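Written out below as structure tokens is the structure these notes cover.
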Amino acid sequence: MNAGQICIAPDYVLVHSDVASEFKSKLVSKLKKWYGDSAEERKSCKDYGKIINSRHVGRIYNLVDETTGKILMGGEADQHARFVDPTVIDEPGMNDSVLREEIFGPVLPIVTVSGVQEAIKRVNNICDHPLALYIYAEDQATIDTFLNGTTSGGVCVNSCIEHIGNSALPFGGVGESGMGAYHGKAGFDEFTHRRSVLVKDTFFIKGALLPGPPYSDKLYDIAYKIQISGLITDKQRKLLKLAGVTTAALIGYRVVRSRL
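Just so we're aligned: 385 in this note's numbering is position 5 of the sequence shown, and the numbers increase by one with no gaps anywhere.
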């Protein structure tokens, strides 16, 4: 979609080792089926988008050129034509810029993991507050483990990007991916300023209840109790509660007795 130039486009894929080989093979095969077998065919494909400008073409190409991973497909670019070949990178280094920066282009690094816990560790190591997280799984326990072990602006389960199109779901980031969310009521609340207004009688600004310095130790003690410890102790509070219950019981007893 738009040659990867979407803020919530996947920046990398974590795939289980049991299906990694098949996934990579089918991904490359599908891309070639969609856009052409060769870079020249893909460059002239009317269904494949251009990059926004030549400078960005150079930036994306540098990310690909500097990777220590293996290029399974693509890797070519033409700044004049604003073209970056759909590129699949196998096992880039964890410190490669292609994993550390937002790509915003048609480049997809693939990292193989041994299981859920390693995948969560990788997600949190690459970017612990991504704008979006996409989980593909059928087991609810696996999905819950991912949700509980990661933080992200939004999540799709067995889908990609789709959540931004749902007006009932708040869309936004968290931490380094941004703060706040919009869409529907969430957007109304986000962009509404809650203005606090406190009104008091002019009696209070005439100094009637605002003693000035010097302040006595007794006044300090009262202020401390109001703000921190409370005006009465827990023991006193229990005694007052007991007295209240006893009084209520006596009143109730007298009312009932008077009606007999």
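The C-beta atom is built at its ideal place from N, Cα and C for all residues, glycine as well. Note that the structure is predicted; figures quoted are calculated from it, not measured.
The region 489-496 contacting the region 392-410, beta-carbon criterion three pairs below 8 angstroms: yes
So, helix, strand or coil for Ile608, using DSSP? helix
Backbone CA spacing between Tyr594 and Ala603 [nearest angstrom]: As written in the sequence, residue 594 is Pro, which differs from the Tyr given in the question. Those two C-alpha atoms are separated by around 14 angstroms.
Rounded C-alpha distance that separates Asn505 from Asp601: 50 angstroms
Tell me whether the region 534-541 and the region 507-518 touch, counting them as touching only if at least three CB pairs, one residue from each stretch, are closer than 8 angstroms. yes
Residues of its chain near Glu471, where Cβ-Cβ distance is below 6 angstroms and the 5 sequence neighbours each way are ignored: Gly449
Going by C-alpha to C-alpha distance, which of Gly529, Ile608, Asn382 and Leu630 sits closest to Lys430? Asn382
Are Gly533 and Val554 closer than 9 angstroms when you measure CB to CB? yes
Beta strand (DSSP E) segment containing Val393, residue limits: Val393 to His396
Cutting at 6 angstroms between CB atoms, please list the residues of its own chain near Leu411, excluding the five before and the five after it. Pro466
At least three beta-carbon pairs within less than 8 angstroms, the region 545-562 to the region 520-527: no
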